[in-house]
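S.K.: This structure is in structure tokens; I'll ask about it shortly.
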Amino acid sequence: SMMLPQPFSQLFLLNEKNISLDELGRLISLSSLGAVVLNLTLGKLNPRFGFLLSQAAMTLFALILLRGNHILWISFGYFLLGSYRTARSLATAQGRELVQAAQMGVAYGLIETVSSVSNILAPIAASFLYYQNPSSVYSVSIILLLSSLGLMFFFSPLKTSIPSIDF
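If you read the sequence shown in our numbering, its first letter stands for residue 11, the second for the next number, and so on.
So, in structure tokens, the structure goes:
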């Protein structure tokens, strides 16, 4: 669900939102800046809470691309796109809390396998949706991300109930 809105976003912005190539290049750089900032801030939180925030940020990214018409909103959305990379790190951190140290290699391999499968399947699904209706990619992503957020919130293991931030 976090990968689905990404593959055709540049094409969507060029064709549907009339963003120039110059602006698009700046937006892509902004997503890398977002990854750094979000890694540094969300990485200090409890992994479960940080992962939930990363999913929420990706939901906002999809919503902003779907509804945003001003370059400032789209810039903010692309900054939030950096949360995808943060979420991958936080998924691994959550896995570490669920297995013994001796099994961490297997757990890491499984986490990366699931992530890689999503990187393979999401562009295929996105191309099908984009062909039907370009904005449907974002509508479906929002629905999937909100569903995922709800499931994650209620069913993921809770190590600590209150997120803490260490500065």
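Built from N, CA and C at the ideal position, the CB exists for glycine as well. All values derive from a computational prediction rather than experimental measurement.
Which residue wins for smallest C-alpha separation from ALA85, given the options LYS54, GLN20, TYR118 and LEU37?
M.R.: On the sequence shown, residue 85 is found 75 positions in, with the first residue counted as 1. With the sequence shown as reference, residue 85 is identified as Ser, and Ala is not the correct amino acid for it. If we check each option's Cα against that of SER85, LEU37 comes out closest.
S.K.: Which full runs of the alpha helix (DSSP H) of 4+ residues lie inside the segment 19 to 78, going along the chain?
M.R.: 19 to 25, 31 to 52 and 57 to 77
S.K.: If you draw a straight line from the alpha carbon of THR69 to that of ALA136, how long is it in whole angstroms?
M.R.: Here the question's residue 69 lines up with position 59 in the sequence shown. Here the question's residue 136 lines up with position 126 in the sequence shown. Distance between the alpha carbons of THR69 and ALA136 is about 16 angstroms.
S.K.: Helix, strand or coil for MET162, going by three-state DSSP, please let me know.
M.R.: As a first step, residue 162 is located in the sequence shown; it is residue number 152 there, counting from the start. Taken through DSSP and simplified to helix, strand or coil, MET162 comes out as helix.
S.K.: Measuring CB to CB, does LEU40 end up less than 7 angstroms from PHE71?
M.R.: The residue labelled residue 40 in the question sits at position 30 within the sequence shown. The residue labelled residue 71 in the question sits at position 61 within the sequence shown. Not a contact, by the Cβ cut-off of 7 angstroms.
S.K.: Taking only three categories from DSSP, how would you classify LEU154?
M.R.: Taking the first residue of the sequence shown as position 1, residue 154 is located at position 144. Of the three classes helix, strand and coil, the one that applies to LEU154 here is helix, per DSSP.
S.K.: Rounded to whole angstroms, what is the Cα-Cα separation between TYR140 and PHE18?
M.R.: To locate residue 140, count along the sequence shown from 1; it is residue 130. To locate residue 18, count along the sequence shown from 1; it is residue 8. Distance between the alpha carbons of TYR140 and PHE18 is about 8 angstroms.
S.K.: How far does the alpha helix (DSSP H) with MET114 in it extend, from its first residue to its last?
M.R.: Within the sequence shown, the letter at position 104 stands for residue 114. MET114 -> alpha helix (DSSP H) spans 114 to 142.
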